[in-house]
Amino acid sequence: MNWQTVRPAWGMAGYSENTAATSIAGDASPAVDAVLLEGVVAGNETAFATLVDRHYSLVFRLSARVLGNAADAEDVTQEAFVKLWRNPPVLRNQAALKSWLVRVARNLAIDRLRRARNTSDSELDLLVDTSTAPDGHLRHGQAADEVSAALAQLPERQRTALQLTYFEALGNQETASIMEISVEAVESLLSRARRSLRTLLNPVWADLIDELEQLK
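According to the working numbering, the stretch in the sequence shown is residues 361 to 576, in order.
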């Protein structure tokens, strides 16, 4: 089943009028994901549509940050959810579905960049999306330019760890699952990323690093 045939399930009477489904859609607990995933395994389109509603925004935002293009991010997000529908993963814990989706989307986005730009792994390390700074944390103009330039100089793994834990507010465990590394490795990447940013950024923006350090 492709994306176009699954998406209309959102408007099905059974979905819009089903009080239980509506209640589930508003419950962010990982346990609900586990129940919905069981439905997807059984071929339940309503369960799948509810999972899309729950996680579409996060998967799209992360895809857009890698690709820097909303249209491509939409395509990658759809690909990730189609993979979920066609081959639902067997997960070891209830909290793993979000991590699985983000990891799949991130890998799809990087593959798309490599195909489109014929870019080597080392060159990919220099790619950065200038929209990663959330409103309220940075001033416009020079500040945004300096931070974008500094982020661009970070190795891709450090930048990814920073984006997931700070800009997406994921925990270290979730970030570790998405990046397929240990929690200790995530903490090491974050420490090195913050240290590098302190060196790269003008001292006037040191308050940004202070905010990052307060997360740990």
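Beta carbons are placed, not taken as given, at the ideal position from N, Cα and C, and that holds for glycine.
Which of the three DSSP states is assigned to residue i in this structure?
i: glycine 399; result: helix
i: proline 390; result: helix
i: leucine 468; result: helix
i: asparagine 447; result: coil
i: glutamine 513; result: coil
i: leucine 530; result: coil
Assuming residue i and residue j form a contact by the criterion Cβ under 8 Å, report the distance between their Cβ atoms to the nearest whole angstrom.
i: leucine 557; j: alanine 510; result: 5 Å
i: valine 442; j: leucine 468; result: About 10 Å separates the two Cβ atoms, so there is no contact after all.
i: alanine 424; j: alanine 433; result: 4 Å
Thinking just about the alpha-carbon of each residue, which of the options is nearest to the one in residue i?
i: glutamine 335; options: Asp471, Val426 and Ala409; result: An answer regarding residue 335 cannot be provided, because it is not within the stretch 361 to 576 covered by the chain.
i: proline 448; options: Ile470, Val395 and Ser417; result: Val395
i: histidine 415; options: Val462, Arg475, Pro515 and Ile470; result: Val462
i: alanine 391; options: Ala430, Leu418, Thr406 and Leu451; result: Leu451
i: isoleucine 470; options: Glu516, Gln533 and Glu547; result: Glu516
i: leucine 514; options: Leu444, Ser417 and Leu560; result: Leu560
i: arginine 446; options: Arg552, Ile538, Gly399 and Ser542; result: Gly399
For residue i, does the count of other Cβ atoms within 10 angstroms reach 16, so buried, or fall short, so exposed?
i: alanine 536; result: buried
i: alanine 409; result: buried
i: aspartate 393; result: buried
i: glutamate 544; result: exposed
i: glutamate 405; result: buried
i: valine 401; result: exposed
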